[in-house]
Amino acid sequence: MNLRVNKESIENVGLVIFDKDGTLIQLYNYWSRMVALRASLAQERFGLNDEKKNELIYALGVDVERKRLRSKGPVGLRKREIVIQAMIDFLRRCGLSVTYKTVDEIFKEADRISLHSLPELVKPIKGMHQLIEGLRKKGCKIGVATTDRTERAKLAMEFLGILDFVAFVVGEDMVSHGKPSPEMVEMILKQTRMKREETVIVGDAPTDILMGINAGLKASIGVCSGLTSRERLLEMTDYVVDDISKILVA
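Following numbering that gives the first Met the number 0, the numbering of the sequence shown begins with 0 at its first residue and continues without gaps.
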């Protein structure tokens with residue numbers, strides 16, 4: 000199977016590994032809602048005023064005024080434990096005595112509440128279903144590698160109706176080293192019994208592209224539907240498109 004990216008052809012592809020947020024689903028919509036929920040629970044728990052709540056949202060990585068995630072995260076880029084620590088650090092700067100366990104409970108409660116709001120949280124990127132179906136029809140295997148937790152990623156895939164088409168999902172809770180380490184890719188290659196020279200990765204962040212490079216994959220495709228500008232992605236890979244609807248199966 001071949002992939003067409005702009006006017007280039009990537010030939011003999013047997014496995015495509017996707018990032019989740021900003022690649023398959025809308026990045027800002029998902030994480031801005033999750034962070035707002037976490038901040039609301041923290042506000043209730045610790046008696047924060049609205050100003051402090053908004054500052055907490057920013058500290059966790061959401062720029063509400065510009066309606067985008069902050070380029071340095073932590074949310075959307077870093078593993079969950081780092082985002083939890085960001086909330087702990089903020090609350091301690093506010094003079095509150097908090098433990099990791101307390102904030103972890105807030106995050107888990109937000110997870111439980113969000114299960115009832117998946118239609119609002121999980122919005123597919125344009126062309127997602129068509130690309131997944133095109134790959135499936137050609138017999139190409141599909142993997143997902145995400146900074147989200149594996150269980151959360153599977154819930155999103157199931158809600159979108161594509162989980163049955165995904166051979167393996169890896170979240171950061173399954174590995175010792177997150178992106179851009181190749182560990183996630185290595186795990187997917189092992190589980191699918193595919194070779195790196197027939198594998199392509201698709202993602203919106205520099206860490207996705209670097210993960211593909213570090214793993215020695217056939218190609219890394221950058222999409223401009225998430226955190227990163229076209230110019231930044233082009234510094235790292237020749238394959239850059241607006242979004243996954245521009246990746247064609249041939």
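Cβ atoms here follow ideal geometry from the backbone N, Cα and C, with glycine treated the same way. Quick caveat: nothing in here was measured; it's all calculated off a predicted structure.
Just curious, the beta strand (DSSP E) that residue i is in, first and last residue?
i, result
"Ser219", "Ala218 to Val222"
"Glu7", "Glu7 to Ile9"
"Ile141", "Lys140 to Thr145"
"Gly211", "That residue, Gly211, is in no beta strand (DSSP E); its alpha helix (DSSP H) goes Pro205 to Asn213."
Between which residues of its own chain and residue i is the CB-CB distance below 6 Å, once the five residues before and five after are set aside?
i, result
"Asp241", "Cys223"
"Asn1", "Ser8, Glu10 and Ala249"
Can you give me the Cβ contacts of residue i inside the same chain, cut-off strictly under 8 Å, excluding the 5 residues immediately before and after it?
i, result
"Val34", "Ile56, Leu59, Gly60, Val61 and Val74"
"Val174", "Ser180, Glu182, Met183 and Met186"
When burial is assigned at 16 or more other CB atoms within 10 Å of the CB, is residue i buried or exposed?
i, result
"Arg92", "exposed"
"Gly221", "buried"
"Asp49", "exposed"
"Glu234", "exposed"
"Glu171", "buried"
"Gly225", "buried"
"Asp88", "exposed"
"Asp18", "buried"
"Gly202", "buried"
"Ser31", "buried"
"Gly160", "exposed"
"Lys71", "exposed"
Using C-beta distances below 7 Å, list every residue in its chain close to residue i, excluding the 5 sequence neighbours before and after it, in chain order.
i, result
"Lys153", "Leu162 and Val168"
"Lys66", "Tyr27"
"Leu36", "Ala109, Ile112 and Ser113"
"Gly177", "Lys78, Thr146 and Glu171"
"Val301", "Limits of the chain in this structure are 0 at one end and 249 at the other, which puts residue 301 out of reach."
Is the distance from the Cβ of residue i to the Cβ of residue j below 8 Å?
i, j, result
"Asp20", "Asp147", "yes"
"Ala218", "Val248", "no"
"Ile243", "Thr98", "no"
"Phe164", "Arg135", "yes"
"Pro118", "Ile24", "no"
Problem - Touch test, the segment 141-148 against the segment 114-129, Cβ-Cβ under 8 Å, three pairs minimum - result: no
Problem - Inter-stretch contact at 8 Å, needing at least 3 Cβ pairs: the segment 206-215 / the segment 176-183 - result: yes
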